[in-house]
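A.B. asks:
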Amino acid sequence: MKRNWMAYPYFFWMLLFTIVPLLMVLYFSFTASVNGDGRFSFANFQRVLDPLYLNVIWRSVRLAFISTVICLVLGYPVAMLLAQSQASRQFTLIVLFVIPMWMNFLARTYAWMTLLERNGLINTFLGWFGLGPYNLLHTEFAVVLGMIYNFLPFMVLPIYTVLNKMDPALTEASYDLGATPIRTFFRVTLPLSLPGVLSGISMVFMPAVTTFVIPQLLGGGQFTMIGNLIEQQFLRSNDWGFGSALSIILMLLILLSMRIMSHYDRDRGEGGGFF
Amino acid sequence: MRFLKKSYLGLIFLFLYAPILILIIFSFNASKSRGAWGGFTLDWYRQLFQDDALLTSLYNTIVIAIVASIVATLLGTIAAIGIYRMKGFRKSFMINLTYLPILNPDIVTAISFMLLLIYLKIPRGMLSLLLAHITFCLPFVIISVLPKLRQLDPQIYDAALDLGATPKRAYFSVILPQILPGIFAGFLLAFTMSIDDFVISYFTTGNGVSNLSISIYSMARRGINPKINAVLTILFVGILALMFFINRRVNTNSSKKERGNV
Amino acid sequence: MKKTGRLIGLGLALMGLLLTAGCGGGETTAEKETLMVYNWGDYIDPQVLDDFEAEFNVDVIYEEFATNEDMYVKIKAGASNYDVAIPSDYMINKMIKEDLLLPINFENVPNYDLIDAKYKDWSFDPENTYSVPYMWGTIGIIYNTTMVDEPVTSWEILWDEKYEKNMYMLNSQRDTLAVAQEILGISLNSTDEQELEQAKQLLIEQKPLVSSYVGDEVKDLMVGGNAALALVWSGDAVTMSAQNPDLEYVIPEEGSNYWVDSMVIPVTSQNPELAEQFINYMCRTDVALKNAEYIGYNTPQVEVFEQLPEELTSDENFYPTEEILNNCEVFEDLGDAQPLYDRIWTEILAS
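Protein chains in written order, with my numbering: chain V, 254 to 528; chain B, 1222 to 1483; chain Y, 171 to 521.
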């Protein structure tokens, strides 16, 4: 009994609304001018190679990387504590952890704007101790903080899921064989939780490296990332060619990092070999 | 050690909740300043309920999320069954096609969709937003339903047919109940993605139609406004209520299931 | 088999239904005509829109933009069916050249006569066919007198390291570039690549001192005492000083940009006649007065000018004398040099 055709409406939908648009981006990235002739050209990609733009790419990767590392360092213990907590409380704790994620993304970012500004609550608070006011908003610190705040749950949840499924007998066995807690952690718990860590890393790194809202609102336009450049090309400068070239590069960057990740992660099974 | 663990968790929760709590507190602040307390007021809420544009955007957000996630769930569930029945290259092609938009950066999805809208001259507004939202919700439904299909006993469908069920009946009485949790999870995921989306909506809307994210973005770019705090407070309370509701349903369902298993 | 096919058909039909219902959603009040207005953020008294809706029994859909360039890209892409837009001088010229504007039928805009002749016959629309002046003004520095002790006379103060991270610039390419151009003594409409590279270098040098590149939020930030200095449009300065008396506005001695924003009808308009009625309404003295008082910008209308408080109209910084205006330059469309400006501006932000 063949039921393949049931996937066809979906296939045509995706063809029209995902594949065709991406091919358009590819087309524009190799096209010389927006309004005119549409000659084939590498000029847009050559422009990306300008040190100025390479620096923007580097900045995006660097800030996303810093945020990912901090999320991992902060998030791993949280995942462990959640997994260790009593079953009756675990669900409540998880729900508590997820609720802020359900708040609107813009709202969460906006919340930090009000806290960090020069006359905001943090500076007022520091003022009571005769400190400050400090420039907190519109700094790299604010951008990284915004990323950590928004994406921390994406790190904790996958790690928690793996740790929660782990057989507690394994660590007990390790203790019985005389290993210290630290040794047990590095030799047993951490290696076994690696799939969770890897998917946590990609789930934080991906949105962080592509965001344009966080550097816009918390960085004040001072720390241009790839996302901001793309937005600017499409909504202000009307340079579709350059914007498309940047988009293609961003896609490649993501696919490359996914490829590296999935190299270590064989957990996905039928996930389809390409990504 | 125990104390350390508890206080670490406490600190993380403080980090997650403090900004939200402060927003909520300051939505009742009579002074427009963020550093000082000027007394209790409901003024911002009153202003909020008089702001038609903002209320319309809230309405749009909910309508789009409901319609887009229902359509995506229908189309996605049917497609997942089709993909499940596929073999070899076609199957892996369809699965890759599903993962592509999930892995693709939001902003690239957004600009590519915008180019399509311009090229096909699709009018901007509700229609373009819905098309965009259905498109990015679809893959999430499929990745939620497919694992449930894989867990199915492959014989179960044939067994139903052998026992005289029509194919339709076999699907609705045998397959569907088994994959229902996956469908529901897919629907919820799609709904969440849609309600939280900013980037894709921002690039694909037009003709004065905006959703909550877009409204907050344009207000935030205009400076800090206690009216936003009021919106967020209502949103937060709404989410808490929804969570409470789902929590209760999940609890009763799972306790039923446990009883059944015993 | 057949039944499942029917089921799919049903699903598709339902989908189609939902989609059409969705796109029809905006037209539930189809009885009324709708007018779509595209304006700068914070650039109108909202009451005026409500009154227009009531008086003419129409629905106004109102959208805002942050810079001329944003507006241009959206209209060029045909994203929305705007009936009225309010861009600035050079942008109007560009849009005329690219056939993005409809000529206005001035028989429907009798109130055009109320506009002072001084503000007609601009080079961007020499025959007065496409545009009706709405407001005009300059760009300058607003500073907080509690944080800045010295007299502010020159744009160079924005390069003073004393005010590191204590100043805002505008996230608008021509306005922020204009500051560097004034310091270098080059034309605000220069298309010389070498000159623009110099201006770029100057702004990149300044970047570490700038707290952020902002739009309308600058008002809130300056009123709240978040920084000492900011590059602003003159009318916003009026609003800010009214809210915080410590703030003062000055047009630096090197000169500035003299601009005018005018109402135009984009080719996307579905209802040009209603658009003309709206433009005429906006030129009515009582309406124009409301707007001028609410947003603080300079009115091009004689009667409105006379009714404004004298302390405002006699302030040279807000209503500059001929002499000061002669030292200011009007932006012109850059034509083929636009991509150059886009590139320079992108590079400044990216650096």
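Glycine residues also receive a C-beta, built at the ideal position from the N, C-alpha and C atoms. Just so it is clear, the structure is predicted and the values come from calculations on it, not from any experiment.
Identify every run of the alpha helix (DSSP H) within the region 198–255 of chain Y, keeping only runs that are complete inside it and at least 4 residues long; order them along the chain.
C.D. replies: Counting only runs that start and end inside the region 198–255 of chain Y, the alpha helix (DSSP H) elements of at least 4 residues fall at 216–226 and 238–246.
A.B. asks: Start and end of the beta strand (DSSP E) containing residue 320/Y?
C.D. replies: Note, residue 320/Y: premise wrong, no beta strand (DSSP E); not H, not E.
A.B. asks: Is DSSP giving residue 303/V helix, strand or coil here?
C.D. replies: coil
A.B. asks: Leaving out five residues before and five after residue 1331/B in sequence, what residues of the same chain have Cβ atoms less than 6 Å from its Cβ?
C.D. replies: 1420, 1421 and 1424
A.B. asks: Can you have a look at residue 191/Y and say buried or exposed, based on whether 16 or more other CB atoms are within 10 angstroms of its CB?
C.D. replies: Confidence at residue 191/Y is low in this model, with a pLDDT of 44, below 50, so its placement is unreliable and the value that follows should be read with caution. Exposed: under 16 other Cβ atoms inside 10 Å.
A.B. asks: Report the residue from 234/Y, 288/Y, 317/Y and 374/Y whose alpha carbon sits nearest the alpha carbon of residue 395/Y.
C.D. replies: Nearest option by C-alpha distance: 317/Y.
A.B. asks: Skipping 5 residues on each side, what residues in its chain have a beta carbon closer than 6 Å to that of residue 419/Y?
C.D. replies: For residue 419/Y, where only same-chain residues beyond five positions count, the Cβ hits under 6 Å are 310, 312, 407 and 487.
A.B. asks: Any C-beta of chain Y sitting closer than 8 Å to the C-beta of residue 385/V?
C.D. replies: No - not a single Cβ of chain Y is within 8 Å of the one on residue 385/V.
A.B. asks: For residue 459/V and residue 1329/B, which I take to be in contact (beta-carbon distance under 8 Å), what is that distance rounded to the nearest angstrom?
C.D. replies: Not quite, the Cβ-Cβ distance comes to about 12 Å (not below 8 Å), so this is no contact.
A.B. asks: Closest Cβ-Cβ distance between residue 1456/B and chain V: below 8 Å?
C.D. replies: Yes, residue 1456/B counts as interfacial toward chain V.
A.B. asks: When the distance is taken between beta carbons, is residue 1456/B closer than 8 Å to residue 356/V?
C.D. replies: At a Cβ-Cβ threshold of 8 Å, residue 356/V and residue 1456/B count as neighbours.
A.B. asks: Anything in the region 473–495 of chain V with a Cβ closer than 9 Å to a Cβ of chain Y? List those residues in chain order, please.
C.D. replies: 473, 474, 475, 477, 481, 482, 485, 486, 487, 488, 489, 490, 491, 492 and 495
A.B. asks: Hey, does residue 341/V have any beta-carbon neighbour from chain B nearer than 8 Å?
C.D. replies: no
A.B. asks: Is the beta carbon of residue 462/V sitting closer than 8 Å to the one on residue 325/V?
C.D. replies: no
A.B. asks: For the region 1421–1443 of chain B, which residues have a CB atom closer than 8 Å to at least one CB atom of chain V, in sequence order?
C.D. replies: When CB distances to chain V are screened at a threshold of 8 Å, the residues of the region 1421–1443 of chain B falling below it are 1424, 1433, 1434, 1437, 1438, 1441 and 1442, in chain order.
A.B. asks: Mapping DSSP to helix, strand and coil, what is residue 360/Y?
C.D. replies: coil
A.B. asks: Over what stretch of residues does the beta strand (DSSP E) that includes residue 301/Y continue unbroken?
C.D. replies: No beta strand (DSSP E) holds residue 301/Y; DSSP gives it neither H nor E.
A.B. asks: Could you give the distance in angstroms between the alpha-carbon of residue 414/V and the alpha-carbon of residue 1403/B?
C.D. replies: Distance between the alpha carbons of residue 414/V and residue 1403/B: 17 Å.
A.B. asks: Pull the bridge partners of residue 401/Y from the DSSP assignment, please.
C.D. replies: 311/Y
A.B. asks: Bridge partners for residue 436/Y per DSSP, in chain order?
C.D. replies: Paired residue(s): 271/Y.
A.B. asks: Going straight from the alpha carbon of residue 559/V to that of residue 368/V, what length do you get?
C.D. replies: For residue 559/V there is no data in the structure shown, the boundaries of chain V being 254 and 528.
A.B. asks: Find the nearest neighbour of residue 1379/B within the set 1275/B, 1392/B and 1259/B, judged by alpha-carbon distance.
C.D. replies: 1392/B
A.B. asks: So for residue 196/Y, helix, strand or coil by DSSP?
C.D. replies: Only weak support exists for where residue 196/Y lies, its pLDDT of 44 falling under 50; the value from the coordinates is given anyway. If DSSP states are grouped into helix, strand and coil, residue 196/Y belongs with the helices.
A.B. asks: From the beta carbon of residue 1363/B, is the nearest beta carbon of chain Y less than 8 Å away?
C.D. replies: no
A.B. asks: Which whole-angstrom value is the C-beta distance of residue 1297/B and residue 1359/B, which I expect to be below 8 Å?
C.D. replies: The Cβ separation is near 5 Å, so the contact holds.
A.B. asks: Under 8 Å between the Cβ atoms of residue 235/Y and residue 262/Y?
C.D. replies: no
A.B. asks: Going by alpha carbons, who is nearest to residue 273/Y out of 474/Y, 209/Y, 468/Y and 442/Y?
C.D. replies: 442/Y
A.B. asks: Quick check on the burial criterion: 16 or more other C-beta atoms within 10 angstroms. Buried or exposed for residue 516/V?
C.D. replies: exposed
A.B. asks: Are the region 1307–1315 of chain B and the region 483–490 of chain V in contact at 8 Å, needing three or more beta carbon pairs?
C.D. replies: no
A.B. asks: Residues of chain V with a CB under 9 Å from the CB of residue 1230/B: which are they?
C.D. replies: Neighbours of residue 1230/B across chain V, judged by C-beta separation under 9 Å: 330, 331, 334, 335, 338 and 346.
A.B. asks: Is DSSP giving residue 468/Y helix, strand or coil here?
C.D. replies: strand
A.B. asks: Between residue 198/Y and residue 1415/B, what straight-line distance do the alpha-carbon atoms span, to the nearest angstrom?
C.D. replies: With a pLDDT of 47 at residue 198/Y, under the threshold of 50, the modelled position of this residue cannot be trusted; read the value that follows with caution. Taking the straight line from one Cα to the other gives about 24 Å.
A.B. asks: Does the region 1284–1291 of chain B touch the region 429–443 of chain V, meaning 3 or more C-beta pairs lie closer than 8 Å?
C.D. replies: no
A.B. asks: Provide the residue span of the beta strand (DSSP E) that contains residue 489/Y, from first to last.
C.D. replies: Taken as a continuous stretch (DSSP letters only), residue 489/Y belongs to no beta strand (DSSP E), as it is neither H nor E.
A.B. asks: The beta strand (DSSP E) that contains residue 420/Y, what's its start and end?
C.D. replies: Bounds of the beta strand (DSSP E) holding residue 420/Y are 417–420.
A.B. asks: So which residues of chain B does residue 424/V contact, with C-beta pairs closer than 9 Å?
C.D. replies: Here the premise fails: no neighbours, minimum Cβ distance about 16 Å.
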